[in-house]
Amino acid sequence: MAITETTGRTEGARRADAGIGRETLAKWAPLLVLLVLCAVFAVMEPRFLSTRNFARILIAASPALMVAIGVTFIIIMGSIDLSMEGTVSVCAVSFAFCFLWLGGTLASWAWLAIPIAMLVGAALGFVNGLIHVKLKIPSFMASLAMGFVGTGLAMVMTGGDRIRIEDELFRALLTQRILNFPLMVYVAAVFLLIAWFIQTRTTLGRNFYAVGGGEDLAIASGLNVNRVRIMGFTLAGVFFAVGALLAVGRIGIAETATGNNFMFLSITAVVVGGTALWGGIGGVWNTLVGVLIVFVIGNGMVVIGLPGYVQDGVLGILVILAVILSTNRKTISFVK
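Numbered per the numbering used here, the sequence shown spans residues 1407 to 1742.
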């Protein structure tokens, strides 16, 4: 009997150690991948480690990081949001129209276009969450439909034209630099810290994890899950709007195509960064690492002279590996 009990405890300890080892690997794997990628590209092309090149990576990554942070909150809840391309486009176009109508420079009342764009993003996110919750439509389908609605609305608003923002004060997001990095990088860093604060220091952030970790248990504990989901989609819309503002600041143009490709970039970054698709695991720092991985790969491929389709293939492989590392297939009976 003693031998059996000892053997049982030993087997249990081995399983526990294996679980801890898997969790540790899943936790640190994205950061290790990022460091390895930087090392490989640096060996192949020393210019990769230059400050100018790092600034180029961060400029490209800043708008996508904002969008990916919004997606992160939704995925932590165990849902999915595919509306980012339409939302970004509508927010960018709304900002541009209001900016020009209010004077065309931040020195006038045009600064009000910034909170207006964020309110537009929040409104679209609220409607998105409301459709998902009240009509009981799966989040991926409701958000995908809202994304199409947003893209169509942006097209109607612009008539297919581009709206140029030439105000020097607003374009300072790109042209004004501190320690060799443009202002937009610091703006993105501030909103990253805000997202981290929401995630870790607010009741709403903790509720996101509660819903994603087990919706039935959250309901049993008295949590209003529907309200949390609607607030999550609304918050995501705000971050989509911030991404739209940075995207306009980067190129100086607002158009229907402003939101193009953000769906692929944001979802890929969140998954590669280690946030679990079924919810309850991950966070904004994981997303930061995931975004950097995506843009380091893109930049590194350009620096060493490889074509774009190789980049897409590498990202696809990384997504598969990330899901493998973050999924314990012994605990699931089927995949849907």
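A virtual CB, placed ideally from N, CA and C, is assigned to each residue, including glycine.
Requested in this report: May I ask which residues mark the beginning and end of the alpha helix (DSSP H) holding residue 1574?
Outcome: The residue you call residue 1574 lines up with position 168 of the sequence shown. Its alpha helix (DSSP H) spans residues 1574-1581.
Requested in this report: Return helix, strand or coil for residue 1659, following the three-state DSSP convention.
Outcome: Residue 1659 sits at position 253 when you count from the first residue of the sequence shown. In this structure, residue 1659 counts as strand in the three-state DSSP scheme.
Query raised in the report: How many angstroms separate the CA atom of residue 1479 from the CA atom of residue 1614?
Result: Stepping through the sequence shown from its first residue, residue 1479 is reached at position 73. Stepping through the sequence shown from its first residue, residue 1614 is reached at position 208. Those two C-alpha atoms are separated by around 7 Å.
Query raised in the report: In three-state terms, what does DSSP make of residue 1723?
Result: Indexing the sequence shown from 1 puts residue 1723 at position 317. Here residue 1723 sits in helix by DSSP.
Query raised in the report: In whole angstroms, what separates the C-alpha of residue 1544 from that of residue 1462?
Result: Here residue 1544 refers to the residue found at position 138 when the sequence shown is read from its first residue. Here residue 1462 refers to the residue found at position 56 when the sequence shown is read from its first residue. Looking at the two C-alpha atoms, the distance is approximately 38 Å.
Query raised in the report: In terms of residue numbering, what span does the alpha helix (DSSP H) encompassing residue 1491 cover?
Result: Here residue 1491 refers to the residue found at position 85 when the sequence shown is read from its first residue. Looking at the DSSP string, the run of the alpha helix (DSSP H) that includes residue 1491 is 1490-1507.
**Report entry** Where the alpha helix (DSSP H) containing residue 1692 begins and where it ends
**Finding:** Counting from 1 along the sequence shown, the entry for residue 1692 is found at position 286. Residue 1692 -> alpha helix (DSSP H) spans 1690-1710.
Query - Secondary structure of residue 1569, DSSP reduced to three states - result: Locating residue 1569 in the sequence shown gives position 163, counting from the first residue. It is a strand residue.
Query raised in the report: For residue 1604, which residues of its own chain have a beta-carbon under 6 Å away from its beta-carbon, when the five flanking residues on both sides are left out?
Result: In the sequence shown, the residue the question calls residue 1604 occupies position 198. Counting only Cβ-Cβ distances below 6 Å, and skipping sequence neighbours, we find 1611.
Requested in this report: Could you name the residues that DSSP lists as bridge partners for residue 1482?
Outcome: The residue given as residue 1482 occupies position 76 in the sequence shown. DSSP, once it has assigned bridges, lists no residue as partnering residue 1482.
Query raised in the report: Is residue 1422 helix, strand or coil when you go by DSSP?
Result: On the sequence shown, position 16 is the one that residue 1422 refers to. Note on residue 1422: pLDDT 48, under 50, position unreliable in the model; the coordinate value appears next. In this structure, residue 1422 counts as helix in the three-state DSSP scheme.
Query raised in the report: When DSSP labels each residue in this structure, what does residue 1521 get in the three-state scheme?
Result: Here the question's residue 1521 lines up with position 115 in the sequence shown. The answer is helix: DSSP assigns residue 1521 an H, G or I state.
Query raised in the report: Counting Cβ pairs closer than 8 Å, one from the segment 1635-1651 and one from the segment 1489-1502, do we hit at least three?
Result: yes
Query raised in the report: Can you tell me the Cα-Cα spacing of residue 1626 and residue 1686, whole angstroms?
Result: Residue numbering aside, residue 1626 sits at position 220 when the sequence shown is read from its first letter. Residue numbering aside, residue 1686 sits at position 280 when the sequence shown is read from its first letter. Cα-Cα distance, rounded: 17 Å.
Report task. Provide the residue span of the alpha helix (DSSP H) that contains residue 1629, from first to last. Result -> Taking the sequence shown and counting its residues from 1, one reaches residue 1629 at position 223. Unbroken run through residue 1629: none, as it is neither H nor E.
Query raised in the report: Just curious, the alpha helix (DSSP H) that residue 1749 is in, first and last residue?
Result: The first residue shown for the chain is 1407 and the last is 1742, placing residue 1749 beyond what the model contains.
Query raised in the report: In its own chain, which residues sit with a C-beta less than 6 Å from the C-beta of residue 1722, not counting the 5 before and 5 after it?
Result: Along the sequence shown, read from residue 1 onward, the residue named residue 1722 stands at position 316. Answer for residue 1722: no residue qualifies.
**Report entry** Endpoints, the alpha helix (DSSP H) within which residue 1673 is located
**Finding:** Here residue 1673 corresponds to residue number 267 of the sequence shown, with the count starting at 1. Where residue 1673 is concerned, the enclosing alpha helix (DSSP H) stretches over 1668-1679.
Requested in this report: Output the distance between the C-alpha atoms of residue 1503 and residue 1563, rounded to the nearest integer angstrom.
Outcome: In the sequence shown, residue 1503 corresponds to position 97, counting from 1. In the sequence shown, residue 1563 corresponds to position 157, counting from 1. If I take the Cα positions, the gap works out to 9 Å.
Query raised in the report: How is the alpha helix (DSSP H) around residue 1557 delimited, first residue to last?
Result: The count along the sequence shown starts at 1 and reaches residue 1557 at position 151. Looking at the DSSP string, the run of the alpha helix (DSSP H) that includes residue 1557 is 1545-1564.
Report task. Sort 1659, 1633 and 1483 by Cα distance to residue 1533 and report the nearest one. Result -> Within the sequence shown, residue 1533 is the residue found at index 127, counting from 1. Residue 1633 is the option with its Cα nearest to residue 1533.
Query raised in the report: Which whole-angstrom value describes the C-beta separation of residue 1516 and residue 1509, a residue pair presumed to lie in contact below a C-beta threshold of 8 Å?
Result: Reading the sequence shown from its first residue, position 110 is the one you call residue 1516. Reading the sequence shown from its first residue, position 103 is the one you call residue 1509. Right, their Cβ atoms sit about 4 Å apart.
Query raised in the report: Tell me the DSSP bridge mates of residue 1584?
Result: Taking the first residue of the sequence shown as position 1, residue 1584 is located at position 178. Partner(s): 1587.
**Report entry** Residues near residue 1690 in its chain [Cβ-Cβ closer than 8 Å; skip 5 each side]
**Finding:** For the purposes of this step, residue 1690 is taken as the residue at position 284 of the sequence shown. These residues qualify, in order along the chain: 1475, 1478, 1598, 1601, 1602 and 1605.
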